[in-house]
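Okay, structure first, notes after.
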Amino acid sequence: MSSTETLTRQPRVTVAGVSKQFGEVTALTDVDLVLGDREFVSVVGASGCGKSTLLSIIAGLEAPTTGSASIAGAEILGPGRDRGVVFQQATLLPWLSALDNVVFALDGEQGLSKRDRVERAREALAQVGLTGFEQAYPAQLSGGMQQRVALARSLAYGPSVLLMDEPFGALDALTRRTMQELLTQVWERNRMTVMLITHDIEEAVFLSDRVVAMTPRPGKVAAEYAIELPRPRTPDVIGNDAFREYYRDILDLIHRG
Amino acid sequence: MTTQTSAPAAPARRTAGARRKPVLTVLTRRQYITTAVIAFVTFLVLWTAVTATGLVQPLFLPSPASVVEKLVEQAGNGQLWSDAAVSTYRVMVGYLLASALAIPIGVLCGAVPRIEAAIEPIMDFIRYMPVVAFVPLTVLWVGIDDPQKFLIIFLGTFFQQVLMFADAVRRVPLAYRNLGATLGLNRVQILVRIVFPSALPQIWDSLRITLGWAWTWLVVAELVAATEGMGYRITQAQRFLETDLIIGYVIVLGLLGLVFDQIMRALGRQFFRYLKGRS
Ligand SMILES: Nc1ncnc2c1ncn2[C@@H]1O[C@H](COP(=O)(O)OP(=O)(O)OP(=O)(O)O)[C@@H](O)[C@H]1O
Ligand SMILES: [Mg+2]
């Protein structure tokens, strides 16, 4: 993907001059950020620099104290089905099977028969490699599989923006690597706009078109890096020089900040 | 590739009796049952010994045999069954009334801050009032028939239930409400379709615990003022110094409580099967 392509993307989400105050705590100050159409953006930064707050504002779960966020030109005033959210914990409904958890998210879809919903849910589960686990209850699935169901649930209703807050943060290193590869594949197939929050810089560089680094106290955007590694990406890329250079630059910045 | 011969030597044999003790001893089901049975039998033997040797007068503590004899007699003439039936009926009505009202109120209390502010301080205040002290008052209000029993059971369980159910709802992680919101559900839908079902296992557990309390309150009410029922029979027995009947009935009350508790547990396991993980 060339840099010119990055520049010519239409903005999908625009955050303009956003600050967020929680009583005495300034979580965010004067944040400007654009998520381009079908762009994969990761946000990294130390704990407490306001990453989750920024995601909640875009998701419509929190209102900014000043400034505004908009999606496709319309101001964000609350949550909506144009945005899907994957949380750190899978938040599956334990009394529903994997399939029904995905169907649950499709209940709000107009003009879909029960049959179509189930069909779509099956497809979404297949995309995340869970064919054969449709009838399993969340308690019977491993942490990684639960997170796959959560991802399938967000894919199923086709939001134009996918927001993920440390989705693999609770998983072990091996499972996390598998999930990262799965996510690249899923994204390269669907190409929606993604904002991924992570502590893992390697994960950010591997997955993203652009990495946004934030610094704390008060939380603000410190720098952005366009990651111009070729796609489709495979884990081989992690060893190469360009990758290492991005990794070091971002790490330096976060440590200085 | 490693083979048997290239494997390192077997670990040095430990000296006999020096086996490592596990941090947590886990009993097999069989060991558990055996231990429990032995303890129970020991208890019965001690009881028999104390009474048979004349250490304690039968008037104060009759032998296990005479208690069983008395219970068989009461079962034979039908009195045990009718007492147990009356008491069970009272517990059920009082408890179901309390629960039926406490579930919606408790759930709303846990879900809506304004309702919580309006209701919880009152509930917190009332629940520390001793229910026993309400017995004379309830007799004045509704007499000594069934409604008075229902009322005492209600007073003893309802307020606690509201607080427990509210707590169960509040324990549902915020992420679940956020999930509902991002899926486009409104507040009522989030409560009905996500929060309430999430809190149900905890609510069921509270229901089970408060059912035990309901039995206690029933006996309190029947001891003070009644014309039939388990508690009433115990007061009557006291009048005629029938200690064997008292102890027999106390044991039956314990068994009834246990049976209902086990039924609630079994139903809970059935309803919430989905919580069972990979084994
Ligand atoms: N609801 C809230 N009430 C009060 N303070 C809050 C709230 N949410 C966040 N904060 C504060 O705002 C700051 C930013 O929090 P946020 O959760 O956005 O950080 P983060 O970058 O996501 O951190 P982490 O990497 O640990 O998840 C922190 O100081 C936090 O304590
Ligand atoms: Mg966070």
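Heads up: the sequence lines are chains A and B, in that order. So in full-length UniProt numbering, the last one in the first sequence is 257, and the numbering has no gaps at all. So in full-length UniProt numbering, the last one in the second sequence is 279, and the numbering has no gaps at all. In this text, a Cβ means the ideal position worked out from N, Cα and C, and glycines have one as well. Keep in mind the model is a prediction, meaning the values are calculated, not measured.
Check	Outcome
Can you tell me which of B:Y32, B:L140 and B:P58 puts its alpha carbon nearest to the alpha carbon of L241 of chain B?	B:P58
Does T2 of chain B have its Cβ less than 8 Å from a Cβ in chain A?	Note on T2 of chain B: pLDDT 41, under 50, position unreliable in the model; the coordinate value appears next. No, T2 of chain B lies away from the interface with chain A (no Cβ there is under 8 Å from its Cβ).
Where L97 of chain B and F154 of chain B are concerned, what is the direct C-alpha to C-alpha distance, given to the nearest angstrom?	7 Å
Using the beta-carbon of each residue, which ones in chain B are nearer than 7 Å to Q146 of chain A?	Going along chain B, no residue has its Cβ under 7 Å from Q146 of chain A, so there is no contact; the nearest lies around 11 Å.
With 16 as the cutoff for other CB atoms within 10 Å, does R148 of chain A come out buried or exposed?	buried
Roughly how many whole angstroms lie between the Cα atoms of Y128 of chain B and W213 of chain B?	15 Å
Whose Cβ in chain B lies nearer than 8 Å to the Cβ of A105 of chain A?	L183
For chain B, check one thing: does any of its Cβ atoms lie closer than 8 Å to the Cβ of S124 of chain A?	What sits at residue 124 of chain A in the sequence shown is Ala, not Ser. Not an interface residue.
Between I194 of chain B and chain D, is any beta-carbon pair separated by less than 8 Å?	Absent here is chain D; the protein component of the structure consists of chains A and B.
With respect to 7 Å, is the separation between the Cβ of S52 of chain A and the closest non-hydrogen atom of ligand 2 below this value?	yes
For D236 of chain A, which three-state DSSP category applies?	helix
I'd like the span of the beta strand (DSSP E) that includes T182 of chain B, first residue to last.	It is not in any beta strand (DSSP E) - T182 of chain B instead sits in the alpha helix (DSSP H) that spans L174 to T182.
Does G277 of chain B get closer than 8 Å to chain A when you measure Cβ to Cβ?	yes
Please identify, using Cβ separations under 7 Å, the residues of the stretch 163-178 of chain B that lie next to chain A, in order along the chain.	A175, Y176 and N178
Is there a C-beta anywhere in chain A that falls below 8 Å from the one on Y89 of chain B?	no
Kindly list, in the order they appear in chain B, the residues whose Cβ is closer than 9 Å to that of Y81 of chain A.	The sequence given here places Arg at residue 81 of chain A; Tyr does not occur at that position. Neighbours of R81 of chain A on chain B, chain order: T182, L183 and G184.
Are the C-beta of P197 of chain B and some C-beta of chain A separated by less than 8 Å?	yes
Say yes only if the C-beta of D165 of chain A is nearer than 7 Å to one or more non-hydrogen atoms of ligand 2, and no if none qualify.	yes
Pair every Cβ in the stretch 135-149 of chain A with every Cβ in the stretch 168-179 of chain A, then say whether three or more of these pairs are closer than 8 Å.	yes
When burial is assigned at 16 or more other CB atoms within 10 Å of the CB, is F271 of chain B buried or exposed?	exposed
So is Q185 of chain A in contact with chain B if we call contact Cβ pairs under 8 Å?	no
Buried or exposed for A7 of chain B, please, with buried defined as at least 16 other CB atoms from any protein chain shown within 10 angstroms of its CB.	Confidence is the limiting factor: at A7 of chain B the pLDDT is only 48, short of 50, which leaves the residue's position unreliable and the question unanswerable from this model.
From the beta carbon of V194 of chain A, is the nearest beta carbon of chain B less than 8 Å away?	no
Do the CB positions of R269 of chain B and Y249 of chain B come within less than 8 Å of each other?	no
Could you check the C-alpha separation between L54 of chain A and L207 of chain B for me, to the nearest Å?	41 Å
At a CB distance below 8 Å, what residues from the stretch 221-232 of chain B approach chain A? Give them in sequence order.	none
Just reading off the beta strand (DSSP E) that E224 of chain A is part of, what are its end residues?	K220 to A226
Determine whether the Cβ of Y274 of chain B lies closer than 8 Å to any Cβ atom of chain A.	yes
Specify, as a first and last residue, the run of the beta strand (DSSP E) that D252 of chain A falls within.	Element bounds for D252 of chain A: not the beta strand (DSSP E) but the alpha helix (DSSP H), D241 to R256.
Going by alpha carbons, who is nearest to A59 of chain A out of A:L196, A:R38 and A:R191?	A:L196
Can you check DSSP and say which residues form a bridge with A20 of chain A?	Sequence inspection shows Lys at residue 20 of chain A; the Ala mentioned does not correspond to that position. Answer by DSSP bridge pairing, in chain order: A:L28.
Might you give, ordered along the chain, the residues of its own chain that have their beta carbon closer than 6 Å to the beta carbon of D241 of chain A, omitting 5 neighbours on each side?	none
Check for me: the beta strand (DSSP E) holding T215 of chain A runs from which residue to which?	R210 to T215
Looking only at DSSP bridge pairs, what is D165 of chain A linked to?	A:I197
Quick one: is F87 of chain A near chain B, going by C-beta distance under 8 Å?	yes
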